[in-house]
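Residue numbers (this note's numbering): -8 to 245. Virtual Cβ for every residue (Gly too), placed ideally from N, Cα, C. Because the structure is a prediction, the values reported are computed rather than measured.
As structure tokens, then:
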């Protein structure tokens, strides 16, 4: 009888978790913000989302996929959100009030290069690597759209486009690559190549990066509000700093 009572109690503990509503968030790998899916170091934004929504009874599942496809799947409502998006990436999405990073696009070259970014004209002398589906701002967007393979190499790996680009840069297949600083250096370090490159200038003012929700799903506004409220609470409690520290990041508001 005692064993039966224990079993019944365990069922009541387990059942709510089994029926928790799931929130699917998709993105390509953009470490340290979203990394390889898994229990250990899945990424700063992943951990924030999981912690915030778990407190509201949701189960967050992070899915790794090509960035362009992630936007398409979210736009159709097949996933709830994309992770690490700027408003220019998907202007029609539902954005929370609270961002999860403030980042600026930067240029990187091999250490021996003497090239520096001095406006669009300077790009015409080099082979630029840019990731398909990423938005780099109005000025560079126009340059990429008007260019061809002779001046811009579009990186389109399924999950690891940046890794592909860094390897091409190291092999001198491209001359310059554009990416935000924490992501470039984290990825280059993981590849064992960080000592081969250097930063050579930024293009635009930093932008806010978000977990952005599908415009096709009714609950997106509710989810965005829950996330904003949860981020504020994590910051107030000090939990946000603890998560950031795991990835070598600092609070962008302090």
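One or two residues paired with residue i in a DSSP bridge
i	result
residue 13	50
residue 170	97
residue 190	99
residue 199	93
residue 121	145
residue 73	17 and 203
residue 25	21
residue 85	204
residue 55	18
Own chain partners of residue i with C-beta closer than 7 angstroms, once the 5 adjacent residues on each side are dropped
i	result
residue 223	89
residue 234	35, 38 and 39
residue 187	101, 102 and 161
residue 232	242
residue 179	157, 185 and 188
residue 130	111
residue 171	94, 95, 96 and 97
residue 177	22 and 23
Cβ shell of residue i (< 6 angstroms), same chain only, five flanking positions each side left out
i	result
residue 68	205, 207 and 208
residue 183	none
residue 58	19 and 124
residue 238	23 and 35
residue 181	none
residue 70	15, 17 and 64
residue 213	none
CB of residue i within 7 angstroms of CB of residue j, strictly
i	j	result
residue 143	residue 160	no
residue 91	residue 36	yes
residue 195	residue 117	no
residue 99	residue 190	yes
residue 73	residue 121	no
residue 313	residue 53	Because the chain spans -8 through 245 in this model, residue 313 falls outside it and cannot be assessed.
residue 14	residue 51	yes
residue 87	residue 215	yes
residue 217	residue 47	yes
residue 29	residue 108	no
residue 84	residue 227	no
From the options, residue whose alpha carbon lies closest to that of residue i
i	options	result
residue 111	94, 132 and 13	132
residue 244	156, 94 and 178	94
residue 152	52, 109, 233 and 175	175
residue 198	185, 96 and 219	96
residue 169	135, 227 and 202	135
residue 12	210, 113 and 225	210
residue 61	32, 21 and 240	21
residue 75	229, 213, 26 and 212	26
residue 173	221, 240 and 141	240
Sequence-distant residues of the same chain with beta carbon closer than 8 angstroms to residue i, five excluded per side
i	result
residue 45	51
residue 106	100, 113, 116, 117, 166, 167 and 191
residue 225	39, 42, 43, 231 and 234
residue 164	118 and 144
residue 3	Low confidence applies here, because residue 3 scores a pLDDT of 43, under 50, leaving its location unreliable and the question unanswered by this model.
residue 66	81, 83, 84, 205, 206 and 207
Inset, instruction - Would you be able to state if there are at least three C-beta pairs under 8 angstroms between the region 126 to 141 and the region 73 to 83? - result: yes
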